[in-house]
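Following this line, the structure appears as structure tokens:
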């Protein structure tokens, strides 16, 4: 019995879809159909409506990376209005504009099964967001809506925020790369104060700045449902980090926050470190590419001495040297919760590597330590190899792309007694 068909990357075009729909018209077993990247255009979308109107088992349809425009979206919208089986449709990276969004919304008004809709990388803009926001007010089945890279702007964010205030079912919302800026973040923050359903919000690459961060932080002090927040690449400085840190001190819902590729610096790291001392729910913290130096890391390391919930800390691509490494290593000796520490692309040398080696002899919980792309020479790598030689640590250490040549690899493996957790090759 065939339940899944994967025809991705085959360039079958509209005519191929015609043959496929004819073959599947009376199928009663298919649940998943992947047609990603097949040069399907509006006519192909029209052919697919035959499947959606007649098939009662298909639940997942992937039409991403095709050439479907507004007319094709109209055909799909009409089919959705009469379909009682489909659960997920992926339409990312097509050519759907605001009219197409309106057509899809028409289908959503009558559909009672669709839970996930991906429209990332289309061209719906602010008016398209307006139509989708109207759907959110009345729809009671959609739980995942992805609208990244759609140029919805501040106005689009305002429309969606208004829809969120009335929606009771949406759990995941992706608004990444939409130019919503600080005012758009203000609108969304206001909706979070009243929304008790949303658990994941992606606002990465939106230029919300410190003002937007401040308003979102205020919302976090009262919101009890949001667990994952992505604010990567948003021009947030130490001031914005201070606001977010204050919120994290009292927030009891958030488990993951991504502040990567901002401008947090040492000042921001200090405020975030202070928050970690009291926070009891956060398990994943991403601070990569934030101009954090040894001083900032000292505050984070101090917080980790008492924190009992954080399991993943990403400090990749900062300016952390041996002193910062020593602070983190000293913390690892007693910390019993951290399982993944990413320090790739920093400025750690032999002394820092030695400090981590000493910590690994006592730590029994760290699973992954990434020290790739630092300034560790063979001497420092040998300390890490020695730490792994007695197999008392469970950690896997990645040290590829440091300052020792290929000829040192065999010597290091001999020191480590063949322990395969010393990764001298690149992290996959």
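Residue numbers (the working numbering): 1 to 428. Don't be surprised by glycine CBs; every beta carbon is placed ideally from N, CA and C.
**Request:** Please state whether DSSP places residue 60 in a helix, a strand or coil.
**Result:** In this structure, residue 60 counts as strand in the three-state DSSP scheme.
**Prompt:** How many angstroms separate the CA atom of residue 229 from the CA atom of residue 244?
**Reply:** The straight-line gap from Cα to Cα measures roughly 11 Å.
**Request:** Could you tell me the boundaries of the beta strand (DSSP E) in which residue 174 lies?
**Result:** Counting along the chain, the beta strand (DSSP E) containing residue 174 begins and ends at 172-174.
**Asked** Where do the ends of the beta strand (DSSP E) carrying residue 146 lie?
**Response** Element bounds for residue 146: 144-146.
**Message:** Would the region 296-315 count as touching the region 325-340 if we require 3 or more Cβ pairs under 8 Å?
**Reply:** By the criterion of at least three beta-carbon pairs nearer than 8 Å, the region 296-315 is in contact with the region 325-340.
**Item:** Rounded C-alpha distance that separates residue 418 from residue 389
**Value:** Cα to Cα, residue 418 sits roughly 8 Å from residue 389.
**Item:** residue 256 versus residue 379 - alpha carbon distance
**Value:** Computed Cα separation, rounded: 36 Å.
**Item:** Residues of its chain near residue 13, where Cβ-Cβ distance is below 6 Å and the 5 sequence neighbours each way are ignored
**Value:** Result list for residue 13: 39, in chain order.
**Message:** Beta-carbon within less than 8 Å of residue 195's beta-carbon, same chain only, minus the 5 sequence neighbours each way: which residues are those?
**Reply:** Answer for residue 195: 164, 165, 167, 223, 225, listed in chain order.
**Asked** How is the alpha helix (DSSP H) around residue 154 delimited, first residue to last?
**Response** Residue 154 -> alpha helix (DSSP H) spans 153-166.
**Request:** Examine the Cβ distances between the region 66-86 and the region 133-140 and report whether three or more of them are shorter than 8 Å.
**Result:** No, because fewer than three Cβ pairs between the region 66-86 and the region 133-140 fall closer than 8 Å, the two stretches do not touch.
**Asked** Going by beta carbon distance, what residues of the same chain come within less than 6 Å of residue 408, once the five residues before and after it are set aside?
**Response** Excluding sequence neighbours, residue 408 sits near 378.
**Request:** Look at residue 198 and residue 220 and say whether their C-beta atoms are less than 8 Å apart.
**Result:** With contacts defined as CB atoms closer than 8 Å, residue 198 and residue 220 fail to qualify as a contacting pair.
**Asked** Among the residues of its own chain, which have a CB less than 8 Å from the CB of residue 263, if the five just before and after it don't count?
**Response** Here the set comprises 235, 236, 237, 238, 290, 291.
**Request:** Could you tell me whether the Cβ atoms of residue 303 and residue 342 are closer together than 8 Å?
**Result:** No, Cβ-Cβ distance for residue 303 and residue 342 is not below 8 Å.
**Message:** For residue 331, count the other beta carbons within 10 Å of its own beta carbon; 16 or more makes it buried, fewer makes it exposed. Which is it?
**Reply:** Its Cβ being crowded by 16 or more others within 10 Å, residue 331 is buried.
**Message:** Can you give me the C-alpha to C-alpha distance between residue 367 and residue 360, rounded to a whole angstrom?
**Reply:** Spanning the two alpha carbons is a distance of roughly 10 Å.
**Message:** Starting from residue 368, trace the beta strand (DSSP E) in both directions and tell me its first and last residue.
**Reply:** Judged by DSSP secondary structure, residue 368 falls within the beta strand (DSSP E) whose first and last residues are 368-370.
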